[in-house]
Structures are given as C-alpha cells and as structure tokens.
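Asker: After the structure tokens below, expect a handful of questions from me.
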Amino acid sequence: MHTLWEKNETFTLNQSSRLEGWYQHNVWSPIIDPAFRNLEIDLIRGESSSTASSDRKNNDMDCEEDRKKIGRKGDCIFRLIGDRLEFGAIEAGKKWEGKSGRKYIIDSLKLSKMLRDMFVQLAKECDDDEPIVRKLQTVGMLHSGNRFQLLTLDVPKGYICRIKRFAFQEVASHINNPPLAFVLKDILRAKAIIKQTLVLVQKKRSSYLDDLDDLDYDGKEINRCTTIQTITLSKTHKTPKKNRTIDVIKRDTFNN
C-alpha cells in the first residue's frame, strides 16, 4: 500500500478505469491475506466454489441425477487447510455505486446465502450441539472499489439467522485520510471471529476422542447416556423454477 501512496501526489484509488482484479491484487490481497497467515485457514481466491453451498444443493439430489451440482462461487473462500469446512467468503466489485447500487445489492444477497450454508455446515460438524451452535459465526467481506464492509452471521437464539452489517470503511488515496486503521480493525475483527469459531469446532472434535474411553482416571465406568440438546435449522427454500423468457417467446411464436 505504501508503494501506491508514494507513487505520486495525484494518485487516486477510485478511478473508474480500474478493474476488479486490480483492486484485489494491489489493495485487498496485501491487506487481508497477511492477517490470516498464522491461522489454519486457507484463503482461496479466484472464483472458488463453496463446498458448503454444494452440500446444500446436493442434499436432496435424486438418484437419477448423475452430475453433482457445484456450489456458489465467491471471489475468496476462507477454508480450513486440508479440510472442507468453510468459515467465510469475500465478494468484490470494481466500482462503488452506493448502498442502492445493483452490484452491491446482488453481492450482498449472494454473500448472505453463502454464509448461511457455511454456518449449517459448521453446525452439522458440531452435531448441532446447541451450546456450541449458538456461539458459531461466519464472516463475509464486501469490496466495492476501495470500499469495504464486514458482515457476520450467527444464530443466537437457535432458530433465526442474524446478519450484522458493519459500517463501510475506505482505503483512501492518501495515507491516513481517512486512517487505514479503520479497515484493519474490521479485518482483525473478522480474524478473531474465525479463530473463535475454529476453536469451538476443534473442541467438539476433540470431545469425540474422550468418548472412546469408557473408564475414568480411577478405573470406574463412565456413564455416557446423557443426550445433548440439539438445534435443527430449517432448510433453505429453493428458488422456484420458471421458464426462461426466450423459451416463452419461442413457444408463443410457434403456437401462433
């Protein structure tokens, strides 16, 4: 970032001629990627398909279907290294058009659906254990040019997904105008949330190993008949299938 700021005095980040890939390579990747290098999280960039979204789409797949449906594609996926578990995603655009902009609205809705799929995947990994599921969170990041917004999704009461949208932050064309610290604060907030969720998942996994031992330290048999209280999230409603406009036009033309 300093190399961009020191380039020349007339340098600006919000030029309309800059493409989405330029912002990803020169602005967001250098800021976001280093923050997650000490976690067991892999940032998969380049329109990667979400495994959590794929699981949801193929949940009710018929035996007659021979092709597996791919999940939604995001500009970046936060995935556990060597695993299928996902903790968040990023959607990016090349230009900021405001909160009412079509690109922002579409990406925001797409990202929210992906975060829910990831949450369901994490909940299943924890056997829908209610005390754990209520603490799980997934994170999303929206980029529009040099603007940044953090989103989080959780289920605090156990039946409704809640999405929090934090304030928009901006990477300015000149250093500290506004301060870059506001962007870094939200990125570190996302890192802390992912780290906390990862700890919860790993803690649940380690409990499976404890269940293998039927004796305590005194050699007495352990009673493991207690049933855990679980949470069952409702299934995502599928978008109704409808005829494409071009098919309707061809059909009407043929009938006439």
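Numbering (numbering that gives the first Met the number 0), first residue to last: 0 to 255. For glycine and all other residues, C-beta sits at the position ideal for the given N, C-alpha and C.
Among Ile30, Cys160 and Gly45, whose alpha-carbon lies nearest the alpha-carbon of Gly20?
Answerer: By 1-based counting over the sequence shown, the position of residue 20 is 21. If we check each option's Cα against that of Gly20, Gly45 comes out closest.
Asker: How far does the beta strand (DSSP E) with Leu42 in it extend, from its first residue to its last?
Answerer: Numbered from 1 along the sequence shown, position 43 holds the residue referred to as residue 42. Per DSSP, Leu42 belongs to the beta strand (DSSP E) from Ile40 to Ser48.
Asker: Give me the Cβ distance between Leu193 and Leu38, rounded to the nearest whole Å; I'm assuming they're in contact under 8 angstroms.
Answerer: If you number the sequence shown from 1, residue 193 lands on position 194. If you number the sequence shown from 1, residue 38 lands on position 39. The sequence as given places Ile at residue 193; Leu does not occur at that position. So it is a contact: roughly 7 angstroms between Cβ atoms.
Asker: Bridge partners for His142 per DSSP, in chain order?
Answerer: Stepping through the sequence shown from its first residue, residue 142 is reached at position 143. Ala91 and Phe147.
Asker: Please identify the residue among Ser28, Thr235 and Asp54 whose C-alpha is closest to the C-alpha of Glu124.
Answerer: Sequence index remark: in the sequence shown, residue 124 carries index 125 (1-based). Taking only the C-alpha atoms, the option nearest Glu124 is Asp54.
Asker: Hey, is the region 132-142 in contact with the region 106-121, meaning 3+ C-beta pairs nearer than 8 angstroms?
Answerer: yes
Asker: Looking at the structure shown, is Arg55 part of a helix, part of a strand, or coil, going by DSSP?
Answerer: Taking the first residue of the sequence shown as 1, we reach residue 55 at position 56. Three-state DSSP puts Arg55 in a helix.
Asker: CA-CA distance, Ile69 and Asn58?
Answerer: Start at 1 with the first residue of the sequence shown, and residue 69 comes out as number 70. Start at 1 with the first residue of the sequence shown, and residue 58 comes out as number 59. Spanning the two alpha carbons is a distance of roughly 12 angstroms.
Asker: Taking the alpha-carbon of Leu149 as reference, which of Lys202, Pro155, Arg78 and Leu114 has the nearest alpha-carbon?
Answerer: Locating residue 149 in the sequence shown gives position 150, where the first residue counts as 1. Out of Lys202, Pro155, Arg78 and Leu114, Leu114 has the C-alpha closest to the C-alpha of Leu149.
Asker: Where Arg95 and Arg146 are concerned, what is the direct C-alpha to C-alpha distance, given to the nearest angstrom?
Answerer: Locating residue 95 in the sequence shown gives position 96, counting from the first residue. Locating residue 146 in the sequence shown gives position 147, counting from the first residue. For the record, residue 95 in the displayed sequence is Trp; it is not Arg. Between Trp95 and Arg146, the C-alpha separation is close to 7 angstroms.
Asker: Between Gly144 and chain B, is the shortest Cβ-Cβ distance under 9 angstroms, so that the two count as touching?
Answerer: Annotation note: the requested chain B is absent from the structure, which comprises a single protein chain.
Asker: Have a look at Glu129, Ile230, Ile31 and Thr50 and flag the residue whose alpha-carbon is nearest the alpha-carbon of Arg78.
Answerer: Residue 78 sits at position 79 when you count from the first residue of the sequence shown. Measuring from the Cα of Arg78, the nearest candidate turns out to be Thr50.
Asker: Need the endpoints of the alpha helix (DSSP H) that Ile131 sits in, please.
Answerer: Residue 131 sits at position 132 when you count from the first residue of the sequence shown. Note, Ile131: alpha helix (DSSP H), Glu129 to Val132.
Asker: If you drop the 5 nearest sequence neighbours on each side, which residues of the same chain put their C-beta closer than 7 angstroms to that of Pro178?
Answerer: Counting from 1 along the sequence shown, the entry for residue 178 is found at position 179. Result list for Pro178: empty, nothing under 7 angstroms.
Asker: In terms of alpha-carbon separation, which member of Ile230, Asp41, Ile30 and Leu18 lies closest to Lys156?
Answerer: Counted from its first residue, the sequence shown places residue 156 at position 157. Per the Cα distances, Ile230.
Asker: Determine the burial state of Ala88: buried for a count of at least 16 other Cβ atoms within 10 Å of its Cβ, exposed for fewer.
Answerer: Here residue 88 refers to the residue found at position 89 when the sequence shown is read from its first residue. The residue in question, Ala88, is buried, as its Cβ has 16 or more Cβ neighbours within 10 Å.
Asker: Below 8 angstroms on the Cβ atoms is my guess for Val154 versus Arg164; work out the distance and round it to an integer in Å.
Answerer: Along the sequence shown, read from residue 1 onward, the residue named residue 154 stands at position 155. Along the sequence shown, read from residue 1 onward, the residue named residue 164 stands at position 165. Wrong, their Cβ atoms sit about 17 angstroms apart, outside the cutoff.
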